[in-house]
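Presented below is the structure to which this report refers.
In the UniProt record's numbering, the protein residues as written are 1 to 75.
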């Protein structure tokens, strides 16, 4: 009798590894953007300055992507 679950194990492990790599890449992007945002704010840049808003929005977008990946891991 063929055990379908055993057949799927390599694919499940591959997907898990890809998600781990992707989450690490996104974590790096988050840290880089966060650092850049802190740098902009540290230069006494107004919080409504166009560049600050753009970086903040990009950070929000990437944080949402990261949240989706983390929720996939939990499910």
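Here a beta-carbon is modelled for each residue, glycine too, at the ideal position from N, C-alpha and C.
- Close CB contacts of residue 55 within its chain, under the 7 Å cut and outside five residues either way in sequence, are with 33, 36, 37, 40 (chain order).
- Excluding its 5 nearest sequence neighbours in each direction, residue 22 has C-beta neighbours in its own chain below 7 Å: 69, listed in chain order.
- Residue 71 has its alpha-carbon roughly 16 Å from the corresponding atom of residue 61.
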